[in-house]
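>
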């Protein structure tokens, strides 16, 4: 347990890397998406431009305290996930503060940000915020079912809930990855990941086309900046979590960047192929195929 | 001898009882029931129970029947 | 000593003398009657005292100067003294009660009354068979006369039915007596009993005739239509006499003649009694005329007593205390209820809502109802306890089930009735006059119930340990009920705090009990603090609340089975009254009570099995059940689960908690439910968990817990009523706890404890705050609220903290529960149940968001613009609890480590290891303190970052939102709350189809319809009733003697 | 002889019961009761009968040999009481019928079914 | 019809019960234990020639007290049921005219009947008969008076006084038995006298006299009440 300043500074550095990689990743993905549909897309540096613009806006409108604090919660969700996740295996510097909790902590820390977002948007008084959140929560409950099953499955497999130990168990070549040793759990988790990233077909929550307003529009200026920062961090952190659990983790930043990119790409890829689901459809869908796969992933260990 | 009397009175009392229960006219029925008591008091005499016989005759067949008639009378008055 | 014969002499003397009173002295006659009854009471009372204080021999009274069997003799022993005393007491009080009615009818009625009571005395005392017959006839004729104190056509018809039926019965009795004389050559009862007539095939017929007629006098089901009509139509004062005095005398006659036929007849008597008990109570369920209802209940109780007599060879020497307990409760309660009925004169039990005008009468009514059902501290409680345990000791399962089923059915209608009286909205409450001569007897009966209850307590095995101290406090609060709230509140809080100090040394070292004591007592203080926000006197609240706490703490302190059950019932009673105080909580309080009684009987059954296994009265007996252990464990678990509201037994909870008063909800939710948890924990710790039965039971309970959680959370998500939402949330939380402790490992139990402690804190906060808001806004519906964050920021923070805990979001203590859960589930291998639990845990976010969003966020309604923050008296306890949550979150080791150590001996492996602040299991690790520090630091840094970037924010108007085209103009249309999870409901709503409700509804309909069908036998025709009587004789004959 | 008489008693009881259970007229039912009671009385007295013995009155019989000369006096004493009780009950029933008739102007037993269930 | 068959069926079984009883009945060859005792000691202990009377009044005196009480109760109940009011005695109430013959016959016969009644209960301990029979005879005398003259008001007061005093006397004698002799209703309060004499058998004649008066009064009361009750219009 290391509470030193050095540790803190190294962690800050890691956070900086992750944030920037996250922004780069999102612009890259948008470019790829645009190319697929025959457009040129945004320049790769667009996220930085946006961020600078947002942070430097002069007027910020607020609906109240919770509206103000909501984005902080949201960002804390992303940052916290990063903090409790060991990023690069074998290097205590990049294991952040993961000594304070295991996989369960990460799973439940996701809610921290969600809650803040929901509350902040709620105070805005915007009806669509509430609708969006209700849909998001609805969908999220069932996304977690295959995820939970997968986590239980790998916990049985490795008999640990510690992420570092899970990664350690996967060292020794590509064949020792969970992907190959426990393909069912991986499949269930990867399907659930689609929902977690909220790309099509599970993007009704954000619904960028039909409902042009909602939580992201109600927030603006620095608030939106904070949210953008968070989404950059969160995407990398989530991808890193999956990487650690199923794809052997990373022994260097480079490996991390490659693997997170591919994991993130998987969701974008699916999103460009499938049309959007209504909320009850997606709820049912997650309880069908991914859940059954998840159950099978446990049954093989019984 | 006593047996013959017993049979006769026994049958008579049963007939009386049947009439008391089944005769349409209430006054006839009440009298028949009084007769049953009277036969019963004869039976009590046969059984060497003069005390009971007296009581049955005076109370069972006498007073009871009279009270019946009084009540019947009241009911009839009301029906008029 | 005044000889018992003077009872007869004086009663008849006065009765004959009354004829001499001319017009001028007419007013004297009522006083003469009272004096006569008083004298009779005095004589029998003096004998009773004599027998109680001195161990003297039975007194025999010879008449005519000859010894029996040549002349009639009477007997005055301790039992006779008791019976004549209670008969004379009710006679005296009844005369007081009927004073005006009797006076109006004239001296003739008083003569009849006096002779009636006298005849019952003789029936009890006489030892001569024919004399018994004569005085039974005197009693019947007097009853037929007294029925007509009420001058109505109904009373006439009832009296005629009574005459016809008793005419046939007494004929049969007479034939039986003469043949008994023929066979034995004597009319003396002792000679008859010694003649052993049951043994011979020829002589047994006389025994049969005597039994059947005495049993028929006791109005066995179904040959009792004539008796019920008497109860219905007669003046309630007479009903009280018939029910209390005649029935007691009849019961004693049966007792007296019990050895007449020998042991095999006992079975028949028991069966008839059992059928009567169940059948009569069953029909009561469809009844809504108060007197008739009381009639059914009376007959049922006598059936129970008859059954006890029939079981006397099984019950052995316990029979006395059992019969005594049940008889005296029936006696006092039924007399009191009939008298109350006479005061109110309602034709329908709904009319008893009028009682509300007089809280003291309501108190009396409640006393009687609870005494009838067998709640503590009434004698019937001890009677039933002894009855069930003794039966269990002899393996009489069928009888136990019969008794409990009958008692439960009795509860169905009695509590419906009580509920009507307390809560029913009835437009025209009948007016009634309260006359002192009518109130006084009722009071006496209530006092008798309490006094006798306390008196018999030490007679019951293990009963001497029962602690009446808290009950004294309850009584004291009753006495000062007229004082304003703040005084009583302070006294109550003071009482609890004093008790804390009192009990701490006792419990020190027993962490399990200490934790629950902490929850009950600290919780009690905190929830009571909210009471300062109430105004007025709040009649009845404090005694009931304290009764509940007395029960709760009694459960903790209990070291014997009976103490535990005593306190359990006390708690049930107290909480029932608390729950039913809510505005619309009548049906919910009712169903709470029914489930509680059912559960209590399951517990009683289980305890009886535990006791009977080793004849051990201590709680440790649960550990060595060898009689039907699996059944015992299951019943006990089901019993406790009625309080924890597990799936299938939960349907009472949402309404009961949702409709309760704002500070009652936290009491019953945060605190009371833990009693069930405590019970389950005690059970699980004691029981032999290696047995197959226990393992299977735990497995099933694990599933039940998981499904309860799923159902509870999902139902909560679809609620529009804020308090019901919280109530369903409680159901779910208790499901977690059940699941956790069913795992039966150290980790599982730690999770259970974590949930227990957390649920106590956050549910108290939520119910306090939300309850306060609901009360303030005057609506339960969340879609009518909104935007409260600006008006009630402190409430918002309290709710926010609570929902973070419920959600299990790090860093607050809710996460500890989730983490322990994951470890426990995987360690145990209950993966699928675990998956359901985690799924349910996420569904919790749906209702948590709905709760906080709909109340605090969104659009403020126009009619709420002037609302202020809720009372500080609600916020202060909430914030104290928040401090508790924070401490528990930051330093979980200080609480969880000792618990883990305490649990270690119970479980083979110690799986949770603490190193400083870090907990490690074989699977994972968790460091609550570090997480708290990391999160707090990061959060503050980020907040600072945002503050630095946007120092000059502008606060804007409520409606100034980015909206597609136009500005919304009404908050109602803009506040999204109603049916917010429509899509989710479409997808998964089928999971919460109220199957359980439908099941219980159809069950209750079935019972009611059956009762309705069954009671058609009481078609009203007096001739049919006569046929029933003869049919009863015939069927009994065919079964008992006809070889059928 | 006593066998015949006791049978008569039982037969009267049955007849009386038949009347009670089957007749619709209240007066008839009460008549049934008197017959039922008469039957009971006959049975009771027969129980005390000792074949060939005299009434239990010691006017000609000497007290010393009474035991072998008289019939059993006890059932007779009981029947005395029973008869009087019977009168009381019958009178009371009749008055009830009188009142009932005033209530509904009918003697039919089936017109008094106000109380049920 | 079904009901009739049911009743017949039920009664058939009742008949079966009676058949059992009949089978159990074997007649008697000798007295029962208790009866034997009475036969042997009745005369000496009680002094009544009529053993039935001895039993009714002494050995089973409490039954008799109960029995008297039953009649008393019946009378009391009937009078309060039938609302025995003063108006009922108004002389101009009756419309029926009775025959002169009956009226004058009654005047002759009634005293005779009363005498017979008194004789019966006074000699209860010697001959068959006693208080109940005598009382019934007296009541029939009263009945005759009422029949002869429907306007004849049975003096309620007189009846009540007779009834009360005789009842109280009965009870008092019983209590005196406790105080002066062996128990409630003890016969030996008065000397037993010689068997067969009018003034013998202890208090039996006294008690029977009171019983006779009381029963007579009670029965008269019942009859009087029933005969005088008005058809209330309510």
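Protein chains in written order, with this note's numbering: chain A, 10 to 311; chain B, 2 to 81; chain C, 315 to 1358; chain D, 93 to 209; chain E, 132 to 365. No residue lacks a Cβ here, since even glycine has one placed at the ideal position from N, Cα and C.
Cutting at 6 Å between CB atoms, please list the residues of its own chain near residue 378(C), excluding the five before and the five after it.
385
> For residue 1150(C), tell me which candidate among 1065(C), 1019(C), 1200(C), 1259(C) has the shortest Cα-Cα distance.
1019(C)
> Helix, strand or coil: how does DSSP classify residue 1233(C) here?
strand
> Please state if the CB of residue 305(E) and the CB of residue 319(E) are separated by a distance shorter than 8 Å.
no
> Any idea if residue 316(C) is buried or exposed, counting beta-carbon neighbours within 10 angstroms, 16 or more meaning buried?
Result: exposed.
> Return helix, strand or coil for residue 1128(C), following the three-state DSSP convention.
Helix at residue 1128(C).
> Mind the definition here: the region 615-626 of chain C touches the region 708-725 of chain C only if three or more C-beta pairs lie below 8 Å; say whether that holds.
yes
> Three or more C-beta pairs closer than 8 Å, one from the region 930-943 of chain C and one from the region 900-919 of chain C: is that the case here?
no
> Taking residue 165(E) as part of the alpha helix (DSSP H), name the residues at either end of that continuous run.
164-176
> Does DSSP put residue 1292(C) in a helix, a strand or coil?
Coil.
> What residue range does the alpha helix (DSSP H) around residue 1050(C) cover?
1036-1056
> Give the range of the alpha helix (DSSP H) segment to which residue 281(A) is assigned.
262-282
> Let me know if residue 222(E) comes out buried or exposed under the rule of 16 or more other beta-carbons within 10 Å of its beta-carbon.
Low confidence applies here, because residue 222(E) scores a pLDDT of 44, under 50, leaving its location unreliable; read the following figure in that light. Per the 10 Å Cβ criterion, exposed.
> Return the chain-ordered list of same chain residues with a C-beta closer than 6 Å to the C-beta of residue 248(A), the five sequence neighbours on each side being excluded.
Cβ within range, chain order: 269, 272, 273.
> Using a C-beta cutoff of 8 Å, does residue 75(A) count as contacting chain C?
Closer than 8 Å: yes.
> Of all the options 206(E), 331(E), 307(E), which has the alpha carbon lying nearest to the alpha carbon of residue 355(E)?
206(E)
> Identify the contact partners of residue 209(D) in chain C, using a Cβ-Cβ distance below 7 Å as the criterion.
Chain C residues near residue 209(D): 1329, 1332.
> Can you list, in chain order, the residues of the region 160-174 of chain D whose Cβ is nearer than 7 Å to any Cβ on chain E?
Near chain E, meaning a CB-to-CB distance below 7 Å, the residues of the region 160-174 of chain D are 162, 164, 165, 166, 168, 169, 172, 173.
> Name, in chain order, the residues that DSSP records as bridge partners for residue 146(D).
162(D)
> With distances taken Cα to Cα, identify the nearest neighbour of residue 532(C) among 569(C), 643(C), 776(C), 764(C).
569(C)
> I'd like to check one pair, residue 115(A) with residue 202(A): are the Cβ atoms closer than 8 Å?
no
> Is it buried or exposed, residue 227(A), if we count other Cβ atoms within 10 angstroms and call 16 or more buried?
buried
> DSSP three-state label for residue 110(A), please.
strand
> Write down the C-beta distance between residue 42(B) and residue 62(B) rounded to the nearest angstrom, noting that I regard them as a contact closer than 8 Å.
7 Å
> With 16 as the cutoff for other CB atoms within 10 Å, does residue 265(E) come out buried or exposed?
Under a 10 Å Cβ-count criterion, residue 265(E) is classified as buried, with 16 or more other Cβ atoms of the shown protein chains found around its own Cβ.
> Using a Cβ-Cβ cut-off of 6 Å (strictly less than) and excluding sequence neighbours within five positions of residue 981(C), which residues of its own chain qualify?
841
> Compare the C-beta of residue 1352(C) against all C-beta atoms of chain E and say whether one is closer than 8 Å.
yes
> Alpha carbon to alpha carbon, what distance is there between residue 605(C) and residue 460(C)?
16 Å
> If we ignore side chains and look at the alpha-carbon of each, how far apart do residue 906(C) and residue 862(C) end up?
14 Å
> For the beta strand (DSSP E) that contains residue 471(C), what are its first and last residues?
Looking at the DSSP string, residue 471(C) is not in any beta strand (DSSP E); the run it does join, the alpha helix (DSSP H), is 467-498.
> Residues of the region 865-896 of chain C in Cβ contact with chain A at a cutoff of 8 Å, in chain order, please.
none
> Per DSSP, what are the beta-bridge partners of residue 1227(C) in this structure?
1234(C)
> With the cut-off set at 8 Å, would you say residue 689(C) and residue 877(C) are in Cβ contact?
Cβ distance not < 8 Å, so residue 689(C) and residue 877(C) don't count as in contact.
> So what does DSSP say about residue 1326(C), is it helix, strand or coil?
helix
> Under the rule that 16 or more other beta-carbon atoms within 10 Å means buried, what is residue 148(E), buried or exposed?
buried
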